[in-house]
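Just below is one structure, and these are the notes that go with it.
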Amino acid sequence: MSTKYSDIYNSFKDKITDYDLLTYEQDIQEEILLNLLNQACARFQRICKKDLTNRDDLIMEFNADLSLEEIDIITDWMVVNWLYPYLNNAENLKNYISTKDFKLFSSADLLRAIQNTYDTCRKNAKSKMNEYSFVYSDLEKVKKWLK
């Protein structure tokens, strides 16, 4: 069995509201989504029971059947990585701090909201990944490693 990237992408799109992403041409949209997928897999690879590097980017599928839980964790990390550029947006930072007197503007609330959303999504993804690692951990390997 295998898991298609499109299944993961659809799950990710269900978690966000980004109408701009949907307006991009298909190849640009897939490039963005593949980049987010790669970043998410890099976060989850050490813990995941499946080999997330065993995949084919040409036919756009994993060579393993990922569980719904694994897809959920991957897409949560995709959301975190999707939010990160909004957090580090220079315009948001300029609006947050005035160069003259460091006076707060109303868009400071936007930056704070983005930061809070990012933190919440990141904590959620880490929590699910930790839970996954506890449920699927190989205690025999851990015992051997500790000796």
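Counting along the sequence shown from 1, when you hit position 136 you're at 123 in the numbering used here, and nothing is skipped either side.
For each residue, glycine too, the CB sits at the ideal point set by N, CA and C.
Computed from a predicted structure; not experimentally measured.
*Any idea if Q100 is buried or exposed, counting beta-carbon neighbours within 10 angstroms, 16 or more meaning buried?*
In the sequence under discussion, the amino acid at residue 100 is Ala, which differs from the Gln named in the question. Exposed: under 16 other Cβ atoms inside 10 Å.
*Looking at the unbroken alpha helix (DSSP H) that takes in K0, where does it start and where does it end?*
-8 to 2
*From what residue to what residue does the alpha helix (DSSP H) around C28 run?*
13 to 31
*So, helix, strand or coil for D63, using DSSP?*
Three-state DSSP puts D63 in a helix.
_Within 8 Å, do at least three Cβ pairs link the segment 49 to 65 to the segment 111 to 121?_
Contact holds: three or more Cβ-Cβ distances are below 8 Å.
_Euclidean distance between Cα positions of F31 and I61_ = 7 Å
*Closer than 8 Å by C-beta to N41: which residues in its own chain qualify, once you throw out the five before and the five after it? Chain order, please.*
F49, N50, A51
*By Cβ distance, which residues of its chain are closer than 8 Å to D19, with the 5 residues on each side in sequence left out?*
Per the sequence shown, the amino acid found at residue 19 is Ile instead of Asp. Cβ neighbours of I19 beyond the five flanking positions: L8, Y11.
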